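4 protein chains.
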Amino acid sequence: MYSFKSDYSEGTHPNILKALNEINFQQWEGYGEDELSLRAGQLIKKALGREDVDIHMLAGGTQTNLTAISAFLRPHQAVIAARTGHIYVHEAGSIEATGHKILIVEGKDGKVSPADIEPVLIEHCDEHMVQPKLVYISNASEIGTLYTKKELFSLSAYCRKHGLYLFMDGARLGPALAATCNDLCLADVADCADAFYIGGTKNGALFGEALVIKNDLLKEDFRFHMKQNGALPAKGASISVQFGALFENDLYDELAKQANGMALKLATGIKELGVSFLGDTETNQIFPILSNSAAEKLHELYGFLDWQPMGDDVAVRLVTSWATPEDKVKEFISDLSASI
Amino acid sequence: MYSFKSDYSEGTHPNILKALNEINFQQWEGYGEDELSLRAGQLIKKALGREDVDIHMLAGGTQTNLTAISAFLRPHQAVIAARTGHIYVHEAGSIEATGHKILIVEGKDGKVSPADIEPVLIEHCDEHMVQPKLVYISNASEIGTLYTKKELFSLSAYCRKHGLYLFMDGARLGPALAATCNDLCLADVADCADAFYIGGTKNGALFGEALVIKNDLLKEDFRFHMKQNGALPAKGASISVQFGALFENDLYDELAKQANGMALKLATGIKELGVSFLGDTETNQIFPILSNSAAEKLHELYGFLDWQPMGDDVAVRLVTSWATPEDKVKEFISDLSASI
Amino acid sequence: MYSFKSDYSEGTHPNILKALNEINFQQWEGYGEDELSLRAGQLIKKALGREDVDIHMLAGGTQTNLTAISAFLRPHQAVIAARTGHIYVHEAGSIEATGHKILIVEGKDGKVSPADIEPVLIEHCDEHMVQPKLVYISNASEIGTLYTKKELFSLSAYCRKHGLYLFMDGARLGPALAATCNDLCLADVADCADAFYIGGTKNGALFGEALVIKNDLLKEDFRFHMKQNGALPAKGASISVQFGALFENDLYDELAKQANGMALKLATGIKELGVSFLGDTETNQIFPILSNSAAEKLHELYGFLDWQPMGDDVAVRLVTSWATPEDKVKEFISDLSASI
Amino acid sequence: MYSFKSDYSEGTHPNILKALNEINFQQWEGYGEDELSLRAGQLIKKALGREDVDIHMLAGGTQTNLTAISAFLRPHQAVIAARTGHIYVHEAGSIEATGHKILIVEGKDGKVSPADIEPVLIEHCDEHMVQPKLVYISNASEIGTLYTKKELFSLSAYCRKHGLYLFMDGARLGPALAATCNDLCLADVADCADAFYIGGTKNGALFGEALVIKNDLLKEDFRFHMKQNGALPAKGASISVQFGALFENDLYDELAKQANGMALKLATGIKELGVSFLGDTETNQIFPILSNSAAEKLHELYGFLDWQPMGDDVAVRLVTSWATPEDKVKEFISDLSASI
């Protein structure tokens, strides 16, 4: 049964496997203090167009979020996030487990704007309440939407003005930047965010995320926080070699484009069947609204998530990846056509 | 300038000062293992009509909430509370600081019902999310409202059915139970809640809250949690003697009735001036809606909180206590009359 | 049965009860933002001979230690303390519960010196280990000993040189400074420590400790940390009025001298019976070594702690306070004489 | 420059790379709920000779220790460990960061015995101290020593009798069980421990540890704790497939034997040069004592750690692995011979 459940169902891109093979019998310094980590860092810095950042390799997204956020904040400080934010909903309370409250805002299309933050700052005015200090955003968002250049720069300016850190969860930063309608580049992200991570696990790596810390205040002693959170991999080189492969010859961008392209084909085919969507996305997640009966039939043939019940209908989530074969996309459309 | 800001502006009721004086030169075992603590516990058990509870004396409300809730939960478990809940809004993130997420529900009139909880339980279905385990309610609520007997028993039955602990913040339990329209008694509260506290600080004590733990699963090793949170007072007797005085001759109830009575007089007088209210309460907090100009004038004469801006008007909060003199109530009404 | 178990067995000094009575029917701002807290702060600043400190009133010693230390440190930073340190042994793991390791040193006579710290700094050289950042000392120490002026200034200089904060637990700072052989004054303590607290509970207050923060880096947002730890008392004035009484007319010093004096009488009487001691102290804790049989007999007549078993003998701890009557001291000596 | 610094300098055993290649283009359920994880679990259960255990795959050792230990304990409970214990020394305070104190015992040869624990239990008798609840041991220990069958069963019996959990850190469990003098098997470990992990990272895996939970009380909701600590890998199959390869055809044992064999050759060759050792080990870590000048010369040619300064000499640590070539062992001996 083919699965459209996620973009991390398969192993890793062949270039990465090849790179892992190539370095396998060499010896590398432990804990990310090796040549491969140095080189991966340099490649990423080149892609960002700046040298003044620290880059750390971590194993997964939740780990990266919790390690970074808890390192950046003092005990009384809180995070602002959209209600749909991954850290708020789907990380099992990991941020709160490090001691920090998440203040949620409704946002719009899964995104946070200065207008969302303003009332939170006004409300939190004394020591009986937490002190808002870090704004968490995801790009692409958890519902596949994108920040425009204007939105991100405006948000960033607002945060700086109010002494807030801006942190971007880039689990799906690849698909975001590779989207047709996107007008942001990696350098913009580095301009705007105090820290962010470039997701590997959901864009072709076997595992791994590259955390970029730009704000000097947040850099000090970060490796202590990694170690303390079990996030300083003994074989750090095994992540770095993957990012080396991803940031050589634009593979990172290429894989995301491939994933987005398949999602577009899938969405286009589904639309042509007269199906409407929960929202429009140009990344690798789409949310068609199916009748319950059609969804039921398709569940027998494909793996995918029911995202939101809507009476007799249900919005489902279909995710494509660098590894999604085009014939599976066509089959799905055909099977959907038969089940309507 | 007279203050209607809170019910903890003055010291303590004379009976309590007298009791503190009487025991002052005796020696008492430290850390609540003294005769006075034993006796206060017995008086409270008598008031509850049951012996099968553990009673602990703590210094303040936030301390009691955080010590109890963090002791009761495992790391992945979360609290359900109303958006207005004191622990969610006004305790500086103390629950999250102990590692636990608070899942908020909108509730109604500051209260939580089974219908509020149901969707939270449905949503939180796997290990990617926290596990809801404890329902936090306040009675009186943060906006002065009360749980009826029917509401509380229904909520309690729902919690038991779904394996949730029910915890009641009783910072203002006195005024709640003393309200004219209240149909709950202390024994009902003990029947319904797995644990709750009887607030002293806001009902005539110099300081102190009495935590009642009924659920046997929650009793074990509780004094370790108190000590670890800096909540095991060396001179525990100094709190116990206060609760001894409060639960002798119904002083606890009497002080709350006194506070509620003054609030009623104040509310009645204000209503007679044609002023409307944000909500009706029968406890010691009232929320009249004043014009901004009237509120401004009164701020020169009295201490009170602006609770909620409403365009040209503002809902303000006026709190009375056992110590509120009737002539101050009359003066306020008169000054309000002059400022309208 | 008379108890020499602790210096917090009785209520509070009459002057303090009197002060509590006098202010009882006045209204005070909540949470320590009142006139009495302002005044108590001024009296303490005067005693310190400096204005550049922040002063906060907290309810108890463990609470003060955990609130201060967790506020001062980042997550990966650790405390250095003597093996006998109260936070290491007798606060139920409260510091670790806030996330911080305590690195113990053997010390000498319950005290920490630069020579103790040096190897800890050498060992903790990278991110696989915690980062030592704060040195915790107690004066008087947990075994009744004192820091000399030379020792404290030397330790302070060492800490500054190595970027370590110096924090003094002053639960028994009164008896320390009032000791005959002491050569430190409050101004010296403030000179040397980045923060320290002046203990009230064990020197005549009903309850309460006054935390003094001198290092500007540690001052910011401290009230948030107090609130988050349940350590911002609603009726802050009720602690401040006590420190007002203690720091008016040198009562604080006088009570400590009284306690020390009784301990000296007790020790002298016991020594005259040929009894030896575990160590010499000039504060209000003494540690005579009794035969097990003598200790057993005295336990029937007096409360006191067995401190350290020593074969057929046992070192016991006797504590005196401002409230210890001289005739109880005499009785004890006489009863001991009879039991040898 | 060849490194004897660690057993995780190289990538992974070719069989594992092959397995990763073979499954690369298949789709796997996320978060360890896949067929490969099921199969790896079955292989490990077979090796343990029992079915009544839960098996979880995690990315690294520190992560496994902190996730397991914090899941197993309530807030006031503490760990007992040897002073040399990895969690005490080299995990950046990760256990304390989850809120739990580590009580250290001196132990002997890096090992903990009932005689070490007894005084800790006697001392920790009330709520002013933490409650010892879990005994942490490492096998092989951090200094390469082994628990004998008798020692482990005796320790286990003691723990059960006193209500303590026994947790074994098995980062180097492979080399321990493969040692010539070892008399333990995996089934014994499962018999004795309440939980333990089988280390992959240090025995041929690219990364990954397999946690085995036997005690039913510790099993519930464990995946929540994994997720909350960022330790539930999205591509769980990528770890499981490695353990599948390791536990098929005894590869796990074979790789450890290979590592131990190289260590033995190295130790024998060094001994023949008249060099003495800090302690004897039969696993893959050896600790020869070299003159400072010899060590200095060898540092120019090889990577290794100075373990313990000893005046004019220094005990160094040499670690071998499944990937250590015999000619490097010979070269080292020869170079050492030349430098003495």
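As they're listed, the protein sequences go chains A, B, C and D. Each residue of the first sequence is one higher than the last, beginning at 1 in the numbering used here. Each residue of the second sequence is one higher than the last, beginning at 1001 in the numbering used here. Each residue of the third sequence is one higher than the last, beginning at 2001 in the numbering used here. Each residue of the fourth sequence is one higher than the last, beginning at 3001 in the numbering used here. Cβ coordinates follow ideal geometry from the N, Cα and C atoms, glycine included. What you are looking at is a predicted structure, and each value in this text was computed from that prediction instead of being measured.
Return the residue from the list D:Val3130, D:His3124, D:Leu3184 and D:Leu3255 that minimises the CA-CA distance to threonine 3148 (chain D). Considering only alpha carbons, the answer is D:Leu3184.
Contacts of lysine 1227 (chain B) in chain C (Cβ-Cβ under 8 Å): Contacts between lysine 1227 (chain B) and chain C, judged by CB atoms closer than 8 Å, involve Thr2062, Glu2091, Ala2092 and Ser2094 in chain order.
Using a Cβ cut-off of 7 Å, which residues of the segment 1129-1146 of chain B contact any Cβ in chain A, in chain order? Met1129 and Val1130
Could you tell me whether the Cβ atoms of glycine 3230 (chain D) and leucine 66 (chain A) are closer together than 7 Å? In this structure, glycine 3230 (chain D) places its C-beta atom within 7 Å of the C-beta atom of leucine 66 (chain A).
Enumerated in chain order, which unbroken segments of the beta strand (DSSP E) with a length of 3 residues or greater are wholly contained in the segment 1146-1224 of chain B? 1165-1169, 1195-1199 and 1209-1213
How should threonine 2084 (chain C) be labelled, buried or exposed, when 16 other C-beta atoms within 10 angstroms of its C-beta is the threshold for buried? buried
I want to see whether chain A comes within less than 7 Å of glutamate 2127 (chain C), judged by CB atoms only; does it? yes
C-alpha gap between serine 2190 (chain C) and aspartate 2007 (chain C), whole angstroms: The question names serine, but residue 2190 (chain C) is alanine in the sequence shown. So the alpha carbons of these two residues sit roughly 25 Å apart.
Evaluate cysteine 1181 (chain B) with the Cβ neighbour count: other Cβ atoms within 10 Å of its Cβ, from every protein chain shown; 16 or more gives buried, anything less gives exposed. exposed
Would DSSP call phenylalanine 1277 (chain B) helix, strand or coil? strand
Alpha carbon to alpha carbon, what distance is there between glycine 2279 (chain C) and glutamine 1042 (chain B)? 43 Å
Does DSSP put glutamine 1042 (chain B) in a helix, in a strand, or in coil? helix
Using a beta-carbon distance below 7 Å, is histidine 2076 (chain C) in contact with chain A? Yes, contact with chain A.
For a contact defined as C-beta to C-beta under 7 Å, what are the partners of tryptophan 28 (chain A) on chain D? Ser3009
Are any of the Cβ atoms in chain B nearer than 7 Å to that of phenylalanine 3224 (chain D)? Interface criterion met: the Cβ of phenylalanine 3224 (chain D) is under 7 Å from a Cβ in chain B.
Proximal residues, the segment 152-170 of chain A versus chain D, C-beta separation under 7 Å: none
Pair within 7 Å by beta-carbon distance, alanine 1285 (chain B) and glycine 1170 (chain B): According to the sequence provided, residue 1285 (chain B) is glutamine. The question's alanine does not apply to it. No, these two residues do not count as a Cβ contact at 7 Å.
Applying the criterion that 16 or more other CB atoms from any shown protein chain within 10 Å of the CB defines a buried residue, is serine 2156 (chain C) buried or exposed? buried
Chain-order list of residues whose beta-carbon lies under 6 Å from that of aspartate 2116 (chain C) (same chain, five-residue window excluded): Val2105 and Gly2107
Cβ atoms of valine 3130 (chain D) and lysine 3347 (chain D): under 7 Å apart, would you say? Nothing in the structure corresponds to residue 3347 (chain D), since chain D is present only between 3001 and 3340.
Does DSSP put lysine 3101 (chain D) in a helix, in a strand, or in coil? coil
With a threshold of 7 Å on Cβ separation, who are the neighbours of valine 2053 (chain C) within its own chain once the five nearest residues in sequence on each side are excluded? Lys2045, Ala2190, Val2212, Ile2213 and Lys2214
For methionine 1379 (chain B), collect the residues of the same chain with a Cβ closer than 6 Å to its Cβ; drop the 5 residues on either side in sequence, then sort them by chain order. This structure leaves residue 1379 (chain B) out entirely; chain B is present only between 1001 and 1340.
Kindly list, in the order they appear in chain B, the residues whose Cβ is closer than 8 Å to that of aspartate 3034 (chain D). Those do not exist, as aspartate 3034 (chain D) stays about 15 Å from chain B at its closest Cβ, beyond 8 Å.
Determine whether the beta carbon atoms of serine 94 (chain A) and glutamine 3228 (chain D) lie at a separation below 7 Å. Yes. Within cutoff.
Using the Cβ count rule (16 or more neighbours within 10 Å means buried), how would you classify threonine 1062 (chain B)? buried
Closest Cβ-Cβ distance between glycine 2174 (chain C) and chain B: below 7 Å? no
What does isoleucine 23 (chain A) reach in chain D if we use C-beta pairs closer than 8 Å? Gly3011
Start and end residues, beta strand (DSSP E) containing tyrosine 2031 (chain C): Premise fails: tyrosine 2031 (chain C) is in no beta strand (DSSP E) and is neither H nor E.
Touch test, the segment 1010-1018 of chain B against the segment 2014-2030 of chain C, Cβ-Cβ under 8 Å, three pairs minimum: Contact holds: three or more Cβ-Cβ distances are below 8 Å.
When D:Leu3298, D:Asn3260 and D:Lys3271 are compared against glutamate 3326 (chain D), the one with the closest alpha-carbon: D:Asn3260
Measure the alpha-carbon distance for glycine 3174 (chain D) versus aspartate 3253 (chain D) and round it to whole angstroms. About 6 Å.
Contact under 7 Å by Cβ, leucine 3305 (chain D) with serine 3339 (chain D): No, the pair does not count as a contact, with Cβ atoms beyond the cut-off.
6 Å CB neighbourhood of cysteine 3159 (chain D) in its chain, flanking five on each side removed: Val3135 and Leu3166
Chain D beta carbons: is any one of them nearer than 7 Å to that of proline 325 (chain A)? Taking Cβ atoms only, chain D never reaches closer than 7 Å to proline 325 (chain A), which makes this a no.
Could you check the C-alpha separation between leucine 336 (chain A) and threonine 283 (chain A) for me, to the nearest Å? 21 Å
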